[in-house]
Amino acid sequence: MFVKRYLIPRLLQYFLVIFLGITIVFFIPRFAPTNPVQRTISEIRSRGTYLNPADVEQMVADLTRLYGLEGSWGEQYIEFWRKLFKGDFGISFFQFPTPVIELIKTALPWTVGLLFTTTVLSWVIGNIIGGIAGYRNNRLWSRILDGVVMFIRPLPYYIFALGLLILLAYVFRLFPISGGASIGRLPSFTLSYILDVLKHAFLPALSLVVLGAASWFQASKLIVQNVNAEDFVQYAQLGGIKERKIMFKYVIRNAMLPQITNLALSLGQILSGALITEIVFSYPGLGNLLFSAINTGDYNLIMGITALSIVAITTLVLMIDLLYPLFDPRIKYK
Amino acid sequence: MDNNTVLVTENIKSYYVLDVGGSKKVVKAVDDVNLTIRKNEIYGIAGESGCGKTTLMKTLYALMNPPLRFMGGKVIYYRDDQEIDILSLSKEERRKLRWEYIAYIPQGAMSIFNPVIKLKETYRDFLDSHLSGKTRDEIFEIAREHIKELGLPIKVLEAYPHQLSGGMRQRVAIALAGLLKPAVIFADEPTTALDVVVQRGVVQLLKDIQESLKNTIILVTHDMGIHANISDRMAIMYAGKIIEEAETKEIFYNPLHPYTRFLINSLPKFGDKGVRASAPGNPPSLANLPTGCPFHPRCPEKTDICTREVPELVQTGEEHKTACWLVSKGDE
Amino acid sequence: MSTPQIAKDLFRDYRFLLAFIVLCFLLFLAVLSFFSPSDPTLWFSVPRDLPPSRQYILGTNSKGQDIFWQATFAIRNSLIISVIAGVISRIIAVLIGLISGYRGGTTDRVLMFISDGFLVIPLFLIIVMLAMLIRDMMNILTLGILLACFGWAWDARVIRSQVLSLREREFTRTALLSGTGVVKLVIKEYLPYITPLAFSTLINNMSWAIGLEITLSIVGLTNMDIPTLGTMLKWAMSYQALLLGRWNWLLTPVVLSVLLFIALYWLSVSISEYLDPRTRVQRVGGE
Numbered sequence: 024m025f026v027k028r029y030l031i032p033r034l035l036q037y038f039l040v041i042f043l044g045i046t047i048v049f050f051i052p053r054f055a056p057t058n059p060v061q062r063t064i065s066e067i068r069s070r071g072t073y074l075n076p077a078d079v080e081q082m083v084a085d086l087t088r089l090y091g092l093e094g095s096w097g098e099q100y101i102e103f104w105r106k107l108f109k110g111d112f113g114i115s116f117f118q119f120p121t122p123v124i125e126l127i128k129t130a131l132p133w134t135v136g137l138l139f140t141t142t143v144l145s146w147v148i149g150n151i152i153g154g155i156a157g158y159r160n161n162r163l164w165s166r167i168l169d170g171v172v173m174f175i176r177p178l179p180y181y182i183f184a185l186g187l188l189i190l191l192a193y194v195f196r197l198f199p200i201s202g203g204a205s206i207g208r209l210p211s212f213t214l215s216y217i218l219d220v221l222k223h224a225f226l227p228a229l230s231l232v233v234l235g236a237a238s239w240f241q242a243s244k245l246i247v248q249n250v251n252a253e254d255f256v257q258y259a260q261l262g263g264i265k266e267r268k269i270m271f272k273y274v275i276r277n278a279m280l281p282q283i284t285n286l287a288l289s290l291g292q293i294l295s296g297a298l299i300t301e302i303v304f305s306y307p308g309l310g311n312l313l314f315s316a317i318n319t320g321d322y323n324l325i326m327g328i329t330a331l332s333i334v335a336i337t338t339l340v341l342m343i344d345l346l347y348p349l350f351d352p353r354i355k356y357k
Numbered sequence: 005m006d007n008n009t010v011l012v013t014e015n016i017k018s019y020y021v022l023d024v025g026g027s028k029k030v031v032k033a034v035d036d037v038n039l040t041i042r043k044n045e046i047y048g049i050a051g052e053s054g055c056g057k058t059t060l061m062k063t064l065y066a067l068m069n070p071p072l073r074f075m076g077g078k079v080i081y082y083r084d085d086q087e088i089d090i091l092s093l094s095k096e097e098r099r100k101l102r103w104e105y106i107a108y109i110p111q112g113a114m115s116i117f118n119p120v121i122k123l124k125e126t127y128r129d130f131l132d133s134h135l136s137g138k139t140r141d142e143i144f145e146i147a148r149e150h151i152k153e154l155g156l157p158i159k160v161l162e163a164y165p166h167q168l169s170g171g172m173r174q175r176v177a178i179a180l181a182g183l184l185k186p187a188v189i190f191a192d193e194p195t196t197a198l199d200v201v202v203q204r205g206v207v208q209l210l211k212d213i214q215e216s217l218k219n220t221i222i223l224v225t226h227d228m229g230i231h232a233n234i235s236d237r238m239a240i241m242y243a244g245k246i247i248e249e250a251e252t253k254e255i256f257y258n259p260l261h262p263y264t265r266f267l268i269n270s271l272p273k274f275g276d277k278g279v280r281a282s283a284p285g286n287p288p289s290l291a292n293l294p295t296g297c298p299f300h301p302r303c304p305e306k307t308d309i310c311t312r313e314v315p316e317l318v319q320t321g322e323e324h325k326t327a328c329w330l331v332s333k334g335d336e
Numbered sequence: 211m212s213t214p215q216i217a218k219d220l221f222r223d224y225r226f227l228l229a230f231i232v233l234c235f236l237l238f239l240a241v242l243s244f245f246s247p248s249d250p251t252l253w254f255s256v257p258r259d260l261p262p263s264r265q266y267i268l269g270t271n272s273k274g275q276d277i278f279w280q281a282t283f284a285i286r287n288s289l290i291i292s293v294i295a296g297v298i299s300r301i302i303a304v305l306i307g308l309i310s311g312y313r314g315g316t317t318d319r320v321l322m323f324i325s326d327g328f329l330v331i332p333l334f335l336i337i338v339m340l341a342m343l344i345r346d347m348m349n350i351l352t353l354g355i356l357l358a359c360f361g362w363a364w365d366a367r368v369i370r371s372q373v374l375s376l377r378e379r380e381f382t383r384t385a386l387l388s389g390t391g392v393v394k395l396v397i398k399e400y401l402p403y404i405t406p407l408a409f410s411t412l413i414n415n416m417s418w419a420i421g422l423e424i425t426l427s428i429v430g431l432t433n434m435d436i437p438t439l440g441t442m443l444k445w446a447m448s449y450q451a452l453l454l455g456r457w458n459w460l461l462t463p464v465v466l467s468v469l470l471f472i473a474l475y476w477l478s479v480s481i482s483e484y485l486d487p488r489t490r491v492q493r494v495g496g497e
């Protein structure tokens with residue numbers, strides 16, 4: 024029953040989203056008013072490099088091949104998918120001739136590490152503090168926290184990260200300004216290297232955690248106030264069950280369920296936020312790679328990052344959806 | 005106070021104070037109620053919905069969440085010759101009093117259990133919060149014993165609330181109320197929303213618990229049939245006030261208030277094929293009560309004074325009190 | 211309820227009042243741009259890198275522009291972009307929500323599949339790709355339209371569920387049975403419920419658009435000749451205002467956008483609480 028009624032439609036939807044997403048990624052550059060090949064060449068020219076006509080012709084041919092622009096759109100499209108399955112996103116232009124996949128492989132651990140830690144931390148912190156604040160919403164600290172959140176919550180990732188950078192790295196020189204580790208340092212599994220990495224990761228992580236937690240806090244507080252009015256919470260109070268138990272096992276536990284779904288829905292936005300934050304702190308992850316790709320007009324690299332993100336995020340959303348029944352016994356997919 | 009009394013209220017008032025677009029609106033849900041409830045009895049409270057029955061129960065149980073506010077009076081319990089003024093207790097003392105001395109069966113048991121935990125966990129939370137020094141296994145053992153004693157299927161403990169029928173959930177709620185052998189159990193409309201066959205089982209379970217614990221049950225229901233069935237004494241509530249109180253037999257054989265008569269006449273009688281008369285019109289809005297006796301707009305026997313002055317609840321017989329100008333006029 | 215009554219109720223909320231005052235101030239700045247003594251796109255119209263003084267209230271930047279007058283243009287343009295994005299995406303959201311909720315069936319499923327896809331996919335990256343496409347014709351209007359194409363998905367869902375609940379009500383059936391046309395029905399019976407919803411989501415959407423404009427500027431995808439909060443920040447960053455400590459240049463767009471975001475947010479929180487009191491933060495609670 025579960026398989027037929029729920030799993031198969033859900034999987035179909037999953038593959039359809041990926042298929043459409045990747046298709047869009049394929050087609051967008053092909054609708055460009057200026058051919059990416061021409062654009063690349065004009066960009067080289069704009070940097071002041073002199074190109075003689077013969078070279079240009081050769082370059083056009085090479086670039087056309089590198090960008091996968093040979094043949095009709097249909098042929099290109101099939102070729103695109105064929106390469107994608109092999110993990111081949113073509114060759115990067117900005118770090119010619121490194122394959123895009125190599126660049127992504129170097130940057131990915133930084134982004135995954137930052138994103139995973141901060142998403143989990145902010146979800147847990149935001150929900151628990153928001154839950155307690157919602158349950159004890161007449162306490163002074165709860166109102167103060169609510170007031171503070173009203174100032175943080177509306178700020179976009181870039182502005183908030185920049186604010187933290189100015190405050191904690193320039194005004195008070197507590198943290199390094201940029202980078203993932205001190206310059207010239209080789210990765211190793213020594214304590215000092217790990218500490219160095221953590222120190223560099225602190226500000227970007229802080230900015231993601233605070234912003235994320237602020238938004239979970241508010242959502243959680245709102246949900247808790249509705250859960251508070253539920254019969255089973257009243258009943259627990261009637262029964263003289265200990266306050267702490269009511270708060271965690273009855274109120275917050277139930278309030279977290281919709282937040283699991285909300286997490287799945289906001290993963291895409293969280294990823295965008297992480298990419299932008301990386302740019303602010305010159306953190307060596309996908310965000311910075313994207314930044315360089317945009318600045319150099321490196322379509323292959325952007326397509327690679329986007330395609331990968333689409334697959335990763337939709338897969339995560341699928342996983343959360345499929346794991347949800349573990350947390351809510353009422354869901355049985357009848 | 006003789007030592008047969010378990011609960012006395014003195015002029016309790018509980019109002020809902022609502023903020024409607026900047027202006028205050030006061031709903032007098034419980035207004036000047038005096039009750040004396042004895043040990044080892046089933047005390048019934050009847051009345052139409054919206055008359056303040058549930059608010060009265062909540063006040064007696066000291067569960068006051070805004071916008072409900074306690075406006076005055078006293079609720080005194082007698083526990084081992086000790087007077088306990090429940091509304092002046094500290095939060096922790098009140099928490100401990102609950103379930104150990106007074107317990108509650110709330111209205112609408114459909115959603116009173118935490119939906120994401122098994123019922124044995126709910127049992128555990130109730131036991132854990134009131135008994136100390138018990139291991140997890142001992143607690144589950146107590147729960148199993150308790151369920152078995154009451155003749156409920158043991159597997160309900162392993163079930164999630166949504167897996168049980170409404171009747172079974174109600175039975176578990178009743179069973180839970182008796183768990184710590186409280187002196188008083190409040191039952192708020194325990195049979196509403198259940199079909200007739202299930203209702204009988206639920207009423208029987210309530211009766212069984214009262215007989216084995218020899219405690220007091222305060223039973224609120226609009227269903228006069230159930231009162232006739234199990235209540236020893238009862239009160240009729242109308243618009244936040246008690247308008248008649250007597251032994252159940254006396255209420256049914258000698259109702260003095262016209263409203264009580266309406267309630268009794270609305271009951272189906274064996275062999276009666278005629279149209280049953282219920283009180284005409286609707287109960288008044290508690291936020292906007294008429295002057296004088298609140299029942300006068302619906303009363304077929306109203307006189308002049310009824311529209312002007314509120315009748316007091318006065319003794320109108322042995323163990324019989326009524327608040328109606330028709331009966332209390334003679335005293336003037 | 212009458213309009214003055216609604217305004218009175220809203221202004222009783224201090225957050226609405228404060229946000230309103232801040233927004234009025236920012237709007238005033240935006241209007242001031244029409245009286246600017248210099249063309250904001252020109253370089254070296256004033257001496258470079260001056261600290262704030264009586265003549266140049268906020269000083270001048272390394273491009274030889276008066277920061278104060280730049281800021282007035284920046285607010286104006288950012289607001290215009292956000293209004294274009296907000297209004298167009300509201301139209302899309304209302305149309306899709308209405309059609310989806312009213313027609314139901316396959317139409318509903320297809321439209322909701324698309325909007326679900328929009329919610330799940332990392333939209334920012336798609337927007338980046340599209341922005342690269344139209345880089346050469348990037349201006350206030352095209353940027354506004356680009357953002358509008360991506361800002362409707364969530365709100366279309368909200369509107370759809372509102373339409374679904376309206377459709378269940380009695381008047382829909384009565385109206386249809388008595389031969390009222392669908393269009394007339396929608397305009398007469400649905401729009402009164404949907405308009406406030408569209409308005410309260412408009413503010414959030416504007417805020418989103420301003421934020422995205424800043425982000426796109428920072429990655430260098432907007433037209434750097436048009437002064438906006440984003441491009442102003444980008445210029446300051448690319449002239450190393452951070453390292454050189456030219457705080458007047460860097461902090462002007464930062465502070466203005468912080469004010470703008472907070473004001474818009476407070477306005478929207480206040481309005482949505484007014485529209486749906488269930489979300490109201492209860493001032494009283496617990497036992």
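Taken in sequence, the protein lines are chains R, U and L. The first sequence begins at 24 in the numbering used here and counts up one residue at a time. The second sequence begins at 5 in the numbering used here and counts up one residue at a time. The third sequence begins at 211 in the numbering used here and counts up one residue at a time. Glycine included, every Cβ here is placed at the ideal spot set by N, Cα and C. Please read these numbers as outputs of a predicted model, since none were measured by experiment.
Proximal residues of chain R, C-beta to C-beta of residue i below 8 Å
i               : result
L351 of chain L : Residues of chain R passing the Cβ test: none, with the nearest at roughly 16 Å.
S115 of chain U : E253, D254 and F255
Residue-chain proximity (residue i, chain U), Cβ-Cβ < 7 Å
i               : result
G91 of chain R  : no
I343 of chain R : no
G262 of chain R : yes
D321 of chain R : no
Through-space distance from residue j to residue i, alpha-carbon basis
i               : j               : result
L324 of chain R : A316 of chain R : 6 Å
R105 of chain R : Y37 of chain R  : 20 Å
S480 of chain L : D223 of chain L : 7 Å
G44 of chain R  : W96 of chain R  : 17 Å
K272 of chain R : A179 of chain U : 22 Å
Y81 of chain U  : M342 of chain R : 55 Å
Q111 of chain U : I234 of chain U : 18 Å
L46 of chain R  : R62 of chain R  : First, the residue type needs correcting, since residue 46 of chain R is Thr and not Leu in the sequence shown. Taking the straight line joining both Cα atoms gives about 22 Å.
Neighbour list for residue i in chain R, Cβ cutoff strictly below 9 Å
i               : result
F235 of chain L : What F235 of chain L touches in chain R: nothing, since even the nearest Cβ is about 17 Å away.
Residue environment, residue i, which counts as buried when at least 16 other CB atoms sit within 10 Å
i               : result
F283 of chain L : buried
R196 of chain R : exposed
K218 of chain L : exposed
G48 of chain U  : buried
Closer than 7 Å to chain R by CB, residue i
i               : result
Y127 of chain U : no
T13 of chain U  : no
I3 of chain U   : Chain U is shown from 5 up to 336; residue 3 of chain U falls before or after that span and cannot be answered.
V335 of chain L : At residue 335 of chain L the sequence reads Leu, which differs from the Val that was named. Yes, its Cβ sits closer than 7 Å to a Cβ of chain R.
M434 of chain L : no
Contact check, residue i vs residue j, beta carbons under 7 Å
i               : j               : result
G91 of chain R  : Q81 of chain R  : no
I240 of chain U : T264 of chain U : yes
P119 of chain U : P165 of chain U : yes
E313 of chain U : G296 of chain U : yes
T438 of chain L : N287 of chain L : yes
Any non-hydrogen atom of the ligand HEM within 6 Å of residue i CB
i               : result
N269 of chain U : This structure does not include the ligand HEM; it has no bound ligands of any sort.
Per-residue contacts from residue i into chain L (C-beta, under 7 Å)
i               : result
A237 of chain R : Per Cβ cutoff of 7 Å: no residues; A237 of chain R is ~11 Å from chain L at best.
Contacts of residue i in chain U (Cβ-Cβ under 7 Å)
i               : result
P352 of chain R : V120 and Y164
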